[in-house]
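Chains A and B, in that order, give the protein sequences. All residue numbers for the first sequence refer to our numbering, where the first residue is 1 and numbers rise by one. All residue numbers for the second sequence refer to our numbering, where the first residue is 1001 and numbers rise by one. We put the beta carbon where it would ideally sit given N, CA and C, even for glycine. Have a look at the structure below before the remarks.
2 protein chains.
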Amino acid sequence: MSWTNEADQDLRARAQQVIPGGMYGHESTRLLPAEFPQFYLRGKGARIWDVDGTRYIDHLCAYGPNLFGYGFEPVEAAAAAQQRLGDTLNGPAEVMVKLAEAFVSQVSHADWAMFCKNGTDANSMALVVARAHKSRKTILCAKGAYHGAAPWNTPRPAGILPEDRAHIAYFQYNDADSLVDVFKAHAGDVAGVFATPFRHEVFYDQYEPDVEYARLARRLCDENDALLIVDDVRAGFRLARDCSWEPLGVRPDLSTWGKCFANGYPISALLGSEKARAAAKEVFVTGSFWFQATPMAAAVETLRHIRETDYLERLQNYGRRLREGLAQQAGMHGFGLRQTGPVVMPQILFEDDADFRIGYGWTVECLKRGVYFHPYHNGFISAAHGDTELNETLDATDRAFEALKAGKAALKPNAALMQLLAHG
Amino acid sequence: MSWTNEADQDLRARAQQVIPGGMYGHESTRLLPAEFPQFYLRGKGARIWDVDGTRYIDHLCAYGPNLFGYGFEPVEAAAAAQQRLGDTLNGPAEVMVKLAEAFVSQVSHADWAMFCKNGTDANSMALVVARAHKSRKTILCAKGAYHGAAPWNTPRPAGILPEDRAHIAYFQYNDADSLVDVFKAHAGDVAGVFATPFRHEVFYDQYEPDVEYARLARRLCDENDALLIVDDVRAGFRLARDCSWEPLGVRPDLSTWGKCFANGYPISALLGSEKARAAAKEVFVTGSFWFQATPMAAAVETLRHIRETDYLERLQNYGRRLREGLAQQAGMHGFGLRQTGPVVMPQILFEDDADFRIGYGWTVECLKRGVYFHPYHNGFISAAHGDTELNETLDATDRAFEALKAGKAALKPNAALMQLLAHG
Chain A
1 MSWTNEADQD
11 LRARAQQVIP
21 GGMYGHESTR
31 LLPAEFPQFY
41 LRGKGARIWD
51 VDGTRYIDHL
61 CAYGPNLFGY
71 GFEPVEAAAA
81 AQQRLGDTLN
91 GPAEVMVKLA
101 EAFVSQVSHA
111 DWAMFCKNGT
121 DANSMALVVA
131 RAHKSRKTIL
141 CAKGAYHGAA
151 PWNTPRPAGI
161 LPEDRAHIAY
171 FQYNDADSLV
181 DVFKAHAGDV
191 AGVFATPFRH
201 EVFYDQYEPD
211 VEYARLARRL
221 CDENDALLIV
231 DDVRAGFRLA
241 RDCSWEPLGV
251 RPDLSTWGKC
261 FANGYPISAL
271 LGSEKARAAA
281 KEVFVTGSFW
291 FQATPMAAAV
301 ETLRHIRETD
311 YLERLQNYGR
321 RLREGLAQQA
331 GMHGFGLRQT
341 GPVVMPQILF
351 EDDADFRIGY
361 GWTVECLKRG
371 VYFHPYHNGF
381 ISAAHGDTEL
391 NETLDATDRA
401 FEALKAGKAA
411 LKPNAALMQL
421 LAHG
Chain B
1001 MSWTNEADQD
1011 LRARAQQVIP
1021 GGMYGHESTR
1031 LLPAEFPQFY
1041 LRGKGARIWD
1051 VDGTRYIDHL
1061 CAYGPNLFGY
1071 GFEPVEAAAA
1081 AQQRLGDTLN
1091 GPAEVMVKLA
1101 EAFVSQVSHA
1111 DWAMFCKNGT
1121 DANSMALVVA
1131 RAHKSRKTIL
1141 CAKGAYHGAA
1151 PWNTPRPAGI
1161 LPEDRAHIAY
1171 FQYNDADSLV
1181 DVFKAHAGDV
1191 AGVFATPFRH
1201 EVFYDQYEPD
1211 VEYARLARRL
1221 CDENDALLIV
1231 DDVRAGFRLA
1241 RDCSWEPLGV
1251 RPDLSTWGKC
1261 FANGYPISAL
1271 LGSEKARAAA
1281 KEVFVTGSFW
1291 FQATPMAAAV
1301 ETLRHIRETD
1311 YLERLQNYGR
1321 RLREGLAQQA
1331 GMHGFGLRQT
1341 GPVVMPQILF
1351 EDDADFRIGY
1361 GWTVECLKRG
1371 VYFHPYHNGF
1381 ISAAHGDTEL
1391 NETLDATDRA
1401 FEALKAGKAA
1411 LKPNAALMQL
1421 LAHG
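Laid out in structure tokens, this is it:
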């Protein structure tokens, strides 16, 4: 395969003129190897094409939204039918009620639903609802956890004031003592506790919480009249057909959803239990496009496939075999892989790779062989990933490990990444 | 015409179970007369159908997004073509660069563009960029101006902390002394000034600013090294084919856009001048769906129609004739109308109507005759509003005034509205 990124380079040069930095946010390739495409042409099933026409088996799934495959026909058809009737009108369509009903019957803790556009919207709504619930201020978050790009949580300090985080207090994820301590330090004022279903920060190994820790979080919230919030924006419906902590036997008061429940159509959600309904009625939150009918029609159809198909087992099957195959190949080629987190959201890092040069080198070798893995952000599997994709992937990754081994001495760390790690 | 809202009432009852308060945000009918539909079936051109199948000539245009008519074919075709290729991928498509280029060539002050989903996103980004620009804190806003539903500006206090607004300072809109004073009070720390292109708060007469006031805002920003931000989310491309203050000869450093530039597809934007580019590069802002290609394709096509057609003159023509016709009818039937603001965004209130009972009564009479006017929020005209719609509208409004006159003695104020006005 002849690999080129000339069209991508041309577009980047044009983008530099009219977009600050040429691109922004989580889809910027600023910290990625130069070979990674910034601009895409199309997607179908488990595959994406960059603007140079190069096709990849995609293990990022648009950072999550692609759950059933790009251009999944049943969802596209449901969305197109609604679009022909109407999308953004003077109020919602019937489908909003159907979608709320579908969520309430699907997610065990939920008695009601509110819809918005961004995962950040859902998390900021959860924060405001939690504060309104008992007129309290303090919100507890795990240190380093990402709950969106609003001033109270965005990871970069430019333009952010201390006041934006005045009443956010932090604890160590999955550390019972730390959680108990922060509750004590803010006794009587804890409004809510954000809980990521598992730890999934960029550049780090992922890990799942102890069940005792999750239950402690629930108990502390009950004892202190605070709301427990599970942030399921990233992991939703990839760990369970329910809230991600349901398998642990822990039901939150609020959960936040985004990314994948409309298979790429733009919609996110805040779900809540009866206890939180009164506060949710009081807050004022809205957006020009929050009541669009088309993404809601896409969501209703996506939820039907979540409910009625074996998509989850297929994701797990692919993820497990991918992990096993990569582990075996890495061993054969003399590399130590750190594969962490749920198999359907694989984080793939290398041992003895403090400056990430090996991992970066490997993802470039994969990319040049038609397989897309992200070097520092967890991946995502879709239900369109089947045996064909797995075999093609493992064939490419085997050759990538071989090339990596041959070229290992010449690997250099990524300059932009080194600058970030040095200066924060 | 036989008018009923049984289907709407049934849906509202279902919604009460699964959505807090049955509905939320700006499209909630909580403060509207009971006859106003909450749920809609479809839209086409200048017309909408509620879930009971009743058709209305719509003068709200989805609170702005509908600029060229619901289901406007050229935009629908451009969006559908992009959707077939791909929408939410691992990065943007080429159309993002094309859209940024189109904005930069269309809007005089703009050297760059960033895209997001909500008008609130764009305004919150403007706030953060302004603070990052010179590492300052204070943001100036006109008292009562709506810049979105984020904690720093949302109009309802539930769940909001004093710290959320710690460094927001307020002035009176269109009051030069007030603006000078607030700059003095925060000398050396003003990061940015929000300027609504004209005053358009709900329940109030609209008014346009003096040109001297707009120029003073520009001069004070220059003298104090602060960024001037025009919030064009509501008015954008209905006053000019450029930023709304361009006709006044005033160019901001940042402008925010939403609602109408993709004719109903979900996208908003922050535009900036060269001066603000460095700060815009530094902030971290993003969203799962911000780089969707389909709304960008819709926006490129919408901007082409803004650039190449006489849509604006058609909007103005309809708006002017509507205003004249309503004024004449009101006079004939003995009512004093207050029609304020630009004719393309008509605010229609009644004289001697402190509790809004006359205005509410009139909009109900219009609604029952197939014409939708909002009783307290400014309306919007689209380019699909032509002679047929105008004649049908004025025929209905004439009969509505007649019915209003006959039933005037029996009018009662709206209970929910009275509660709001009494308790805030």
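Which of the three DSSP states is assigned to B:A1409 in this structure?
helix
8 Å Cβ cutoff, B:T1286 in contact with chain A:
yes
How about A:F380 and A:M332: do their beta carbons lie closer than 8 Å?
no
Just checking: is the beta-carbon of A:K368 within a distance shorter than 8 Å of some beta-carbon in chain B?
no
Could you tell me whether any Cβ in chain A is nearer than 8 Å to the Cβ of B:V1051?
yes
Look at the alpha carbon of B:M1001 and the alpha carbon of B:A1327, and state the distance between them as a whole number of angstroms.
Low confidence applies to B:M1001: its pLDDT is 49, below 50, so where it sits in the model is not reliable, and the reading given next is rough at best. Using only the alpha carbons, I get a separation of about 26 Å.
Quick one: does B:G1485 have its CB under 8 Å from some CB of chain A?
Missing from the structure shown is residue 1485 of chain B; chain B here goes from 1001 to 1424 and no further.
By alpha-carbon positions, which one of A:Y70, A:V18, A:L303, A:P247 ends up nearest to A:V104?
A:L303
Nearest-angstrom Cα separation, counted from B:A1240 out to B:E1223
Rounded to the nearest angstrom, the two C-alpha atoms are 28 Å apart.
Please list the partners that B:G1341 has in chain A, where partner means a Cβ-to-Cβ separation under 8 Å.
Within chain A, no residue comes near B:G1341; the closest Cβ sits about 19 Å away, beyond 8 Å.
Which term fits A:V129, buried or exposed, when burial requires 16 or more other beta carbons within 10 angstroms of its beta carbon?
buried
Contacts of B:Y1070 in chain A (Cβ-Cβ under 8 Å):
G86, L89
Which of helix, strand or coil does DSSP assign to A:G43?
In this structure, A:G43 counts as strand in the three-state DSSP scheme.
C-beta neighbour in chain A for B:L1060, strict 8 Å:
yes
Over what stretch of residues does the alpha helix (DSSP H) that includes A:M96 continue unbroken?
94–106
CB contact check: A:Y173 to chain B, cutoff 8 Å
Not closer than 8 Å to any Cβ of chain B, the Cβ of A:Y173 fails to qualify, so no.
May I have a chain-ordered list of the beta strand (DSSP E) segments no shorter than 3 residues that lie completely inside the region 1144–1216 of chain B?
1168–1171, 1190–1195
Where does A:Q82 sit, in a helix, a strand or coil, going by DSSP?
helix
Counting only runs of 4+ residues fully inside the region 1297–1380 of chain B, write out the alpha helix (DSSP H) ranges in chain order.
Runs found: 1311–1333, 1357–1367.
Run the CB neighbour count on B:R1199, radius 10 Å, all protein chains shown included, and call it buried at 16 or more, exposed below.
buried
Please list the terminal residues of the continuous alpha helix (DSSP H) segment that includes A:T120.
119–133
A:M1 by DSSP, collapsed to three states: which one?
Because the pLDDT at A:M1 is just 49, under 50, the model does not fix this residue reliably, and the point stays unresolved.
Quick check on B:Y1265: does DSSP put it in helix, strand or coil?
coil
Let me see if you follow: with CB-CB separation under 8 Å, is A:H147 close to chain B or not?
Chain B, which has no Cβ nearer than 8 Å to the Cβ of A:H147, makes this no.
Of all the CB atoms in chain B, is at least one closer than 8 Å to the CB of A:Q347?
no
Cβ of A:T154 within 8 Å of any chain B Cβ
yes
Residue of A:V202, A:Q16, A:V182 minimising C-alpha distance to A:F193:
One point to set straight first is that residue 193 of chain A is Val, not Phe, in the sequence displayed. That would be A:V182, whose Cα lies nearest to the Cα of A:V193.
Inter-residue CB distance, A:V371 and A:A396 (contact presumed, cutoff 8 Å)
4 Å
Three or more C-beta pairs below 8 Å linking the region 1110–1128 of chain B and the region 1150–1157 of chain B
yes
Limits of the alpha helix (DSSP H) - the one that B:R1014 falls within:
1006–1018
For A:T120, decide whether its Cβ has a neighbour in chain B, counting only Cβ atoms nearer than 8 Å.
yes
With DSSP collapsed to three states, give me the class of B:Y1024.
Coil, per DSSP.
Look at the alpha carbon of B:Q1347 and the alpha carbon of B:T1196, and state the distance between them as a whole number of angstroms.
16 Å
Below-8 Å beta-carbon distance, B:E1027 vs any chain A residue
yes
Assuming A:A279 is part of the beta strand (DSSP E), what are its boundary residues?
Residue range 277–282 is occupied by the alpha helix (DSSP H) that includes A:A279, with no beta strand (DSSP E) assigned at that position.
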